[in-house]
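Residue 56 in numbering that gives the first Met the number 0 sits at position 57 of the sequence shown, and the numbers go up by one each step.
C-beta atoms are modelled at their ideal positions from N, C-alpha and C, and glycine is treated no differently.
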Amino acid sequence: MTANDEQFDVVVVGFGPSGAVAACLLGQKGIRTLCVDRAKEVYDKPRAIAVDHEIMRVFQGMGVADRVMEHVAAFPPSEYYGVDGRLIKRIDTVPEPYPLGYTPTMVFTQPPVEAALRQHAASYPSVEVALGTELAGFSENGESVHVELRSEDGSIRRVTCRYLIGCDGASSTVRTLLDIPFEDLEFDEPWLVVDVKVNERGLAKLPKTAIQYCEPSRPCTYIVGPGAHRRWEIMLQEDEDPAHMQQAPRVWTLLERWMTPEDGELWRAASYRFHALVAKRWRRGRVFIAGDAAHQQPPFIGQGMCQGIRDATNLIWKLDAVMRGAASDALLDSYETERKAHVRELTTRIKELGRVICERDTVAACARDQRLIDEAGGTIRTVTRQEIVPGLRGGMLSAKAHAANGTLFPQPRVRDNATVKLLDEVIGGGWRIVVADPTLVSEDARAKAANLGAHWTCVQPDSHNGGFEGHVVQEIDGVLAGWFEKQQCGAAIVRPDHYVYGVSSDAALLAGQLEDLSAAMR
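Here's what the structure looks like:
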């Protein structure tokens, strides 16, 4: 560190979706942030294609949801067909009313969404964006991180920050410099990803649902993207040259089952090896990794980008609390604890779906088909994608065990005077205590909540205050009423990232949980 170093609170390396969301959340809190990326422009072709309701809720809190929704469509059901064309599995979304206020699973067009996130991040006065800039190196002295950045002309810029976050992708420079290895969860398969802008003639030929062709000869996924965008993920044979298979003539040969070159424009064809990898460490002192720098998973339910944004959301509220003096440095250890376990569990579940899709032995595939049909009792039950995505299993959660702990708290539609809004639009973010039974709110609980900076909301059949100190909301569809009944509780303590810290049906227990939370933050 030198006297001439520029000073920032946080440096974010990588300005893809995870880095842009991190920068937005930091900017929203007024945290002095520098975000760098070696690329000067958004990559103009789609990579991620799926986004879910949890992430849309994050975008809503950032104030960018409306811009994102311009490029989003509902994800149709996914149907799995076996060796002889029989339906063997079906995945869809939960029915309305939607628990978080948005269609639970959606498809989107990445380039304009990523551009909107970047523009939003750059709009904050406390955020500086430096494109055409790469990380040359960094060192930490326990009190700060000294960072060297290299511009396109080779000049070196030196900055000092309190924390460094590597959101710099699968080949992460930050992870490499930290010498953090990946844990291999044992999935490694060659695939070709093809995106096509389909014309009206082509659209008339294509399926209206997403399809998993679980055929041993050539497993394949077909995805209905927004508008005229369609994607195929096609498994390659081990003896096929990936570079050759992504050339246009070969791609159209692979697609001839569905369409011809006259039916659309080839947008992208890229070969990948689908991996299941999780970094062994996510924090080293004042340096963190997130997104693809920390994990990679097969794409079979479209959770790759969602996972990276969950990382950013989890980390930034904790960094903010520590930098404000509202929590001790130990809170930052829960980032790795929570996110690593969540990624491992979800990746394991995605892997199992991948095993169903990728079976190459015909005899084994026939046995798989019959097993799935037998397990369904002859009638294929629809599994929701939301059943596949787990909650948090540990970390900053109440020690009073309950099934609701670590799950996402609902965001129903509520009435705000004469206007219908989503819950967060009315009550805001941060720590919240939402109660269905106001008798659980004691003076002791209020005092402890005040120490946390938490605010109160009461869900009532009508929106009359009735003397309650805090927000009083009347929900429209009974989502919260049903949730409190299912969880058999009258109050929920909700974290800034919308996960449930703990629930209570007893006034003394609620006050005790708030006291425990205060202690855990310190």
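{"Asked": "Return the chain-ordered ranges of every alpha helix (DSSP H) run that is complete within the region 469-495 and spans a minimum of 4 residues.", "Found": "478-486"}
{"Asked": "Rank Ser517, His401 and His497 by C-alpha distance to the C-alpha of serine 503 and give the top, closest one.", "Found": "His401"}
{"Asked": "Using only CA atoms, which one of Arg149, Arg285, Gln459 and Glu237 lies nearest to tyrosine 271?", "Found": "Glu237"}
{"Asked": "My output table needs one value for glutamate 142: the three-state DSSP class, helix, strand or coil.", "Found": "coil"}
{"Asked": "Can you give me the start and stop residues for the alpha helix (DSSP H) that threonine 172 sits inside?", "Found": "172-177"}
{"Asked": "What does the Cβ neighbour count give for glycine 376, buried or exposed, with the cut at 16 atoms within 10 Å?", "Found": "exposed"}
{"Asked": "Please report the Cβ distance between threonine 172 and serine 150, rounded to the nearest whole angstrom; I am assuming they are in contact, meaning their Cβ atoms lie under 8 Å.", "Found": "That belief does not hold up - the Cβ atoms of threonine 172 and serine 150 are roughly 15 Å apart, past 8 Å."}
{"Asked": "In terms of residues, what are the limits of the beta strand (DSSP E) holding leucine 130?", "Found": "126-130"}
{"Asked": "Classify aspartate 43 as buried or exposed, calling it buried when 16 or more other Cβ atoms lie within 10 Å of its own Cβ.", "Found": "exposed"}
{"Asked": "Would asparagine 416 be called buried (16 or more neighbouring beta carbons within 10 Å of its own) or exposed?", "Found": "exposed"}
{"Asked": "Count the other CB atoms within 10 Å of the CB of glycine 427; is the residue buried (16 or more) or exposed (fewer)?", "Found": "exposed"}
{"Asked": "For methionine 0 and proline 45, what's the separation of their Cα atoms in angstroms?", "Found": "Unreliable positioning characterises methionine 0 in this predicted model, as indicated by a pLDDT of 43, which lies under 50. The coordinate reading is nonetheless provided below. Methionine 0 and proline 45: Cα-Cα distance of roughly 40 Å."}
{"Asked": "Going by other Cβ atoms of all chains shown within 10 Å of its Cβ, with 16 needed for buried, is proline 98 buried or exposed?", "Found": "buried"}
{"Asked": "On the DSSP bridge list, what partners appear for cysteine 34?", "Found": "Val11 and Val128"}
{"Asked": "With C-beta atoms as the reference, is serine 17 less than 8 Å away from alanine 311?", "Found": "yes"}
{"Asked": "Once you ignore the five residues that flank alanine 19 on each side, which residues in its own chain have a CB closer than 8 Å to its CB?", "Found": "Cys34, Glu113, Leu116, Arg117, His119 and Ala120"}
{"Asked": "Taking 6 Å as the limit between beta carbons, can you name the residues of its chain near methionine 304, skipping five residues before and five after?", "Found": "Pro16 and Ala47"}
{"Asked": "When the distance is taken between beta carbons, is leucine 205 closer than 8 Å to arginine 230?", "Found": "no"}
{"Asked": "Provide the residue span of the alpha helix (DSSP H) that contains serine 333, from first to last.", "Found": "332-357"}
{"Asked": "Ignore the nearest five residues each way along the sequence and tell me which others in valine 10's own chain have a CB closer than 8 Å to its CB.", "Found": "Thr32, Leu33, Cys34, Val35, Val144, Val146, Val158, Cys160, Tyr162, Leu163 and Ile164"}
{"Asked": "For methionine 0, which three-state DSSP category applies?", "Found": "The predicted position of methionine 0 is uncertain, since its pLDDT is 43 and thus under 50; a value taken from the coordinates is nonetheless stated next. Methionine 0: coil per DSSP, three-state reduction."}
{"Asked": "Suppose you measure from the CA of proline 241 to the CA of methionine 234; what does that come to, to the nearest Å?", "Found": "10 Å"}
{"Asked": "What do you reckon, are the CB atoms on threonine 108 and histidine 52 nearer than 8 Å?", "Found": "no"}
{"Asked": "Along the chain, where does the beta strand (DSSP E) that runs through valine 106 open and close?", "Found": "104-107"}
{"Asked": "Look up leucine 276 in the DSSP assignment and give the residues it is bridged to.", "Found": "Asp183 and Gln295"}
{"Asked": "Asparagine 140: buried (16+ other C-beta within 10 angstroms of its C-beta) or exposed?", "Found": "exposed"}
{"Asked": "Quick one: is threonine 175 buried, meaning 16 or more other Cβ sit within 10 Å of its Cβ, or exposed?", "Found": "exposed"}
{"Asked": "Using DSSP bridges, identify the partner residues of aspartate 412.", "Found": "It is worth fixing the name first, because residue 412 is arginine in this sequence and not aspartate. Arginine 412 pairs with Leu421."}
{"Asked": "Indicate the three-state DSSP secondary structure (helix, strand or coil) for histidine 52 in the structure shown.", "Found": "helix"}
{"Asked": "How would you label lysine 485, buried or exposed, when you count the other beta carbons within 10 angstroms and need 16 or more for buried?", "Found": "exposed"}
{"Asked": "Do you know how far the Cα of glycine 153 is from the Cα of cysteine 357?", "Found": "46 Å"}
{"Asked": "Taking the beta strand (DSSP E) that lysine 204 falls in, what are its first and last residues?", "Found": "Element bounds for lysine 204: not the beta strand (DSSP E) but the alpha helix (DSSP H), 199-204."}
{"Asked": "Grab me the residues of aspartate 532's own chain with a C-beta within less than 8 Å of its C-beta, minus the 5 sequence neighbours each way, in chain order.", "Found": "The question about residue 532 has no answer, for the chain in this structure spans 0 to 521."}
{"Asked": "My output table needs one value for histidine 401: the three-state DSSP class, helix, strand or coil.", "Found": "coil"}
{"Asked": "Note down, in chain order, each residue of its chain lying with its Cβ closer than 7 Å to the Cβ of proline 297, except the 5 sequence neighbours on either side.", "Found": "Phe186, Phe273, Ala275, Ile349, Lys350 and Gly353"}
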